[in-house]
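Asker: Listed in order, the protein sequences are those of chains R and W.
Residue numbering for the first sequence is 907 to 1207, as defined by our numbering.
Residue numbering for the second sequence is 5 to 317, as defined by our numbering.
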Amino acid sequence: MSGRGEVMDTTDVVTGGGPGARGEGAAHAEVVELGRGEHERDEHEVVFDVSGVNVWYGAHLAVRDISVPIRVNEITALIGPSGSGKSTVLRCLNRMNDLVEGARVEGEVRYHGVDLYGPKVDPVEVRRRIGMVFQKPNPFPKSIYDNVAFGPRIAGYKGDMDEVVERSLRRAALWEEVKDKLRDSGLALSGGQQQRLCIARAIATKPDVILMDEPCSSLDPIATARIEDLMHELVADYSIVIVTHNMQQAGRVSDRTAFLTVDVNEDGTRTGTVAEFDRTERIFTNPSDERTEAYVTGRFG
Amino acid sequence: MSSIPASETRSSVELALGGRSWDIRGRLFSGALLLALLLSLAILLTLLVTIWEDAWPVLRDRGSDFLASETSSLPERAGVRQGLVGSLILITLVGVVSLPLGIAAAIYLEEYAKDTRLRRILVANIRNLAGVPSIVYGILGLVVFVQALRSATGQASYGRSYLSGGLTLAVLVMPFVIIIAMEALRAVPWSIREAAYGVGATRWEVIRSHVLPYAAPGMFTGVILALARAFGETAPLLLAGAVTGFLATSPGDPLETLQGPYTALPVQVFAWSRLPGEAWVGNTAAAIIVLLATILVVNLVVIVLRTRYERTW
């Protein structure tokens, strides 16, 4: 199966412009080299450089040799069948796996060039700068206001909290719906509103990356569409990584897509690997890996 | 079931859908369950009615005088004041000692301790401790608090003091408090902890700002029930030196009170039940009613608190 090199190659060869290729970000050296001429200015800076990552849960290798560069102001989707380790990979990016007893991460996750698993790195500080939105909306059973204010408050924010709450809720496209009931419980909102509240909570600590773990899986299509629109708005200011089992969603929202597959080991356990990482349109129209093609065309998965 | 005929008519379908109108085994089973319920209720009711019959004349004739009077060798003058006051002081002591310790232990076991074999053994044994007969705790109280620690629990009272009784009951309810608190902590969903960690909370911030506040209603209702159980305990107190008729009250010096001799309502019930004469039977029954009423009030408060603050996830 593909090692790190192969995955990187795929990425670099396909530097065609696409819906996601926007802006003026400073280019990744290698990529400039390969994409010279036609698309030189299309490449955004890499915010997360995941390379050769293995994640173990006890004696079980959950994902093997994951290498995915994640770029600033882009939406990167992780897709693949269940058990392929999409969430596991996502949770490496803000050290959420630290909370799982027996979890171990090998390889390198560089965030703005800093090794996230370096000895001096405080996971609490990591999670403050890298926000997360979860599969099931999980607002705190507190007021809407306190839900948003909790992050800044524990970070020791001393400024105008009302302003932070309003800005975050506006950014999450929820302000108009809740501005008159900020003291009501976050649990009194609808599912879609709760998820937007969670997004507001995540951006209140001013992260530069938002991780989303199947954020729409428990929402109806209308609420899902609102979250997707919101993601398109947010990507101007944030880098977004989204795990989704919904390929159409990946196709609609993401600029780049990593497709993960499952290898069944000799002892019957399953290990996820990246089969292909590329621009989303390429993954969906002209995948180079036949497993990707089988998955995106709906022949399995 | 018979096979369905090739051509269905309305009547054949009606017949087939009718099924067995008499599900004998099902009816027998639910009947047996109902019988078991009624039987246990009947026993309880008989007990209550018998006690009530004996107690009612005393409560009717004496009323609040029965609550306010001290015990006496004359049945018509004896009351439960000392028992009530003693029990209240004891239960306060039990709460002050067992709640902080028990809840702290639960937080450690549930939130901090790694899931090792040692932890599992500890938890299993705490559960076992909750099943140990209370008389065993009485022996422990006698040996440890009354005798070994006499210099602390009260030299003058030979160690038979509120402190000894309270600590014995505190040790008795501790396993319950720990188990109840652990269950309340576990009821706070992992997703809430993840949410708090996700915005950069430390473990302490997650516990203090989220887990504890959300677990508190469940914890306190359960803990109050554990205290109500301690309120009715007799056996350990008999061993740990409760006496009837004495009640140390030194309003000026709380420590002296706590180190002094004590009694409790269930102990008073026990003592009176051994006295001869119709009048004492009535007094004993009336004291039991006072005890039951107190526990009932506590449980009612718990139910009200629970319905008001209970959270569903």
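From the three backbone atoms N, C-alpha and C, an ideal C-beta is built for every residue, glycine too.
Going residue by residue through the region 173-201 of chain W, where are the continuous beta strand (DSSP E) segments of at least 3 residues, counting only ones entirely within it?
Answerer: Counting whole runs of 3 or more residues, the region 173-201 of chain W contains no beta strand (DSSP E) stretch at all.
Asker: Spatial neighbours of A36 of chain W within its chain, please: C-beta separation below 7 angstroms, excluding the five flanking residues on both sides.
Answerer: The sequence position of residue 36 of chain W within the second sequence is 32, counting from 1. So no residue of the chain qualifies.
Asker: Between P61 of chain W and the rest of its own chain, which residues show a CB-CB distance below 8 angstroms, the 5 nearest in sequence each way excluded?
Answerer: Translated into the one-based positions of the second sequence, residue 61 of chain W becomes position 57. So the qualifying residues of the chain are G286.
Asker: Thinking C-beta only, is L173 of chain W closer than 8 angstroms to P104 of chain W?
Answerer: Along the second sequence, read from residue 1 onward, the residue named residue 104 of chain W stands at position 100. Along the second sequence, read from residue 1 onward, the residue named residue 173 of chain W stands at position 169. No, they are not a contact pair.
Asker: Does the beta carbon of R315 of chain W come closer than 8 angstroms to any beta carbon on chain R?
Answerer: Here residue 315 of chain W refers to the residue found at position 311 of the second sequence. True, the Cβ-Cβ gap to chain R drops below 8 angstroms.
Asker: Please name the residue in R:L1095, R:D1086, R:R1001, R:R977 whose C-alpha comes closest to that of A1129 of chain R.
Answerer: Position 223 of the first sequence, counted from the start, is the residue given in the question as residue 1129 of chain R. Checked all of R:L1095, R:D1086, R:R1001, R:R977; the closest Cα to A1129 of chain R is R:L1095.
Asker: Taking A232 of chain W as the reference, give the member of W:E80, W:A160, W:G99, W:Y141 with the closest Cα.
Answerer: Numbered from its first residue, the second sequence carries residue 232 of chain W at position 228. The candidate whose alpha carbon is nearest that of A232 of chain W is W:G99.
Asker: Looking at the structure shown, is S34 of chain W part of a helix, part of a strand, or coil, going by DSSP?
Answerer: For the purposes of this step, residue 34 of chain W is taken as residue 30 along the second sequence, with counting starting at 1. S34 of chain W falls in the helix class under three-state DSSP.
Asker: For a contact defined as C-beta to C-beta under 8 angstroms, what are the partners of N1044 of chain R on chain W?
Answerer: Counted from its first residue, the first sequence places residue 1044 of chain R at position 138. By Cβ distance, chain W contributes P193, S195, I196, E198, A199.
Asker: Chain W partners of E1120 of chain R, CB-CB under 8 angstroms?
Answerer: Position 214 of the first sequence, counted from the first residue, corresponds to residue 1120 of chain R. In chain order: nothing, as chain W lies at least about 13 angstroms away.
Asker: Around the Cβ of A219 of chain W, are there at least 16 other Cβ atoms within 10 angstroms (buried) or fewer (exposed)?
Answerer: One-based indexing of the second sequence puts residue 219 of chain W at position 215. The residue is buried, with at least 16 neighbouring Cβ atoms inside 10 Å.
Asker: So for E944 of chain R, helix, strand or coil by DSSP?
Answerer: Here residue 944 of chain R refers to the residue found at position 38 of the first sequence. Low confidence applies here, because E944 of chain R scores a pLDDT of 40, under 50, leaving its location unreliable; read the following figure in that light. Looking at E944 of chain R - three-state DSSP - the assignment turns out to be coil, as it is neither helix nor strand.
Asker: So, using beta-carbon positions, are L999 of chain R and I972 of chain R closer together than 8 angstroms?
Answerer: Numbered from its first residue, the first sequence carries residue 999 of chain R at position 93. Numbered from its first residue, the first sequence carries residue 972 of chain R at position 66. No, the pair does not count as a contact, with Cβ atoms beyond the cut-off.
Asker: If contact means a Cβ-Cβ distance below 9 angstroms, which residues of the region 961-985 of chain R contact chain W?
Answerer: Listed by position along the chain: nothing, the set is empty.
Asker: Quick check on this structure: which residue in W:L171, W:R124, W:V89 has the alpha carbon closest to the alpha carbon of Q272 of chain W?
Answerer: Taking the second sequence and counting its residues from 1, the one referred to as residue 272 of chain W is at position 268. Residue nearest to Q272 of chain W within the set W:L171, W:R124, W:V89 is W:V89 (criterion: CA-CA distance).
Asker: If you reduce the DSSP assignment to three classes, tell me which class L295 of chain W lands in.
Answerer: Along the second sequence, one-based indexing puts residue 295 of chain W at 291. L295 of chain W falls in the helix class under three-state DSSP.
Asker: Return the Cβ separation of D1135 of chain R and F1040 of chain R in integer angstroms, given the expectation that the two are a contact with Cβ distance under 8 angstroms.
Answerer: Numbered from 1 along the first sequence, position 229 holds the residue referred to as residue 1135 of chain R. Numbered from 1 along the first sequence, position 134 holds the residue referred to as residue 1040 of chain R. Not a contact, Cβ separation roughly 20 angstroms.
Asker: Under DSSP, the beta strand (DSSP E) around F274 of chain W begins and ends at which residues?
Answerer: If you number the second sequence from 1, residue 274 of chain W lands on position 270. From DSSP, F274 of chain W is part of no beta strand (DSSP E) but of the alpha helix (DSSP H) over 269-277.
Asker: Have a look at G281 of chain W and L176 of chain W and give me their C-alpha separation to the nearest angstrom.
Answerer: In the second sequence, counting from the first residue as 1, residue 281 of chain W sits at position 277. In the second sequence, counting from the first residue as 1, residue 176 of chain W sits at position 172. Straight-line Cα distance between these residues: approximately 34 angstroms.
Asker: Using the three-state DSSP reduction, which class does V953 of chain R fall into: helix, strand or coil?
Answerer: Along the first sequence, one-based indexing puts residue 953 of chain R at 47. The answer is strand: DSSP assigns V953 of chain R an E or B state.
Asker: Strictly under 8 angstroms for the Cβ-Cβ distance: is Y218 of chain W near chain R by that measure?
Answerer: Stepping through the second sequence from its first residue, residue 218 of chain W is reached at position 214. So yes, Y218 of chain W belongs to the interface.
Asker: Thinking C-alpha only, which one of R:V1149, R:R1162, R:A1108, R:I1133 is nearest R1033 of chain R?
Answerer: As a first step, residue 1033 of chain R must be located in the first sequence, where it is residue number 127. Ranking R:V1149, R:R1162, R:A1108, R:I1133 by Cα distance to R1033 of chain R puts R:A1108 first.
Asker: Could you pull out every residue in the same chain whose Cβ sits closer than 8 angstroms to the Cβ of D1004 of chain R, ignoring the five residues on either side in sequence?
Answerer: On the first sequence, residue 1004 of chain R is found 98 positions in, with the first residue counted as 1. Excluding positions up to five away in sequence, the list reads P1029.
Asker: Using only the alpha-carbon positions, how far apart do R1176 of chain R and Q1155 of chain R sit?
Answerer: Translated into the one-based positions of the first sequence, residue 1176 of chain R becomes position 270. Translated into the one-based positions of the first sequence, residue 1155 of chain R becomes position 249. Distance between the alpha carbons of R1176 of chain R and Q1155 of chain R is about 25 angstroms.
Asker: So, does the CB of A205 of chain W fall closer than 8 angstroms to a CB anywhere in chain R?
Answerer: The residue given as residue 205 of chain W occupies position 201 in the second sequence. True, the Cβ-Cβ gap to chain R drops below 8 angstroms.
Asker: On a Cα-Cα basis, can you pick out the residue from W:F235, W:L167, W:S102 that is closest to L268 of chain W?
Answerer: Locating residue 268 of chain W in the second sequence gives position 264, counting from the first residue. Sequence inspection shows Ala at residue 268 of chain W; the Leu mentioned does not correspond to that position. If we check each option's Cα against that of A268 of chain W, W:F235 comes out closest.
Asker: Does the separation of the CB atoms of A185 of chain W and A110 of chain W fall below 8 angstroms?
Answerer: The residue you call residue 185 of chain W lines up with position 181 of the second sequence. The residue you call residue 110 of chain W lines up with position 106 of the second sequence. In contact: A185 of chain W and A110 of chain W (Cβ atoms closer than 8 angstroms).
Asker: What in chain W is Cβ-close to I1060 of chain R, meaning under 7 angstroms?
Answerer: Within the first sequence, residue 1060 of chain R is the residue found at index 154, counting from 1. What I1060 of chain R touches in chain W: G204, A205, E209.
Asker: Output needed for A188 of chain W: all residues of its chain with C-beta closer than 7 angstroms, excluding positions within five of it in sequence on either side, in chain order.
Answerer: Residue mapping note: residue 188 of chain W aligns to position 184 of the second sequence, counting from 1. Excluding positions up to five away in sequence, the list reads A219, G222, M223, G226.
Asker: Does any residue of chain W bring its CB to less than 8 angstroms from the CB of R947 of chain R?
Answerer: Locating residue 947 of chain R in the first sequence gives position 41, counting from the first residue. The predicted position of R947 of chain R is uncertain, since its pLDDT is 45 and thus under 50; no value can be drawn from it.
Asker: Give every residue of the same chain whose Cβ lies closer than 8 angstroms to the Cβ of E318 of chain W, excluding the five residues on either side of it in the sequence, and list them in chain order.
Answerer: As displayed, chain W neither begins before 5 nor continues past 317, which places residue 318 of chain W out of reach and without an answer.
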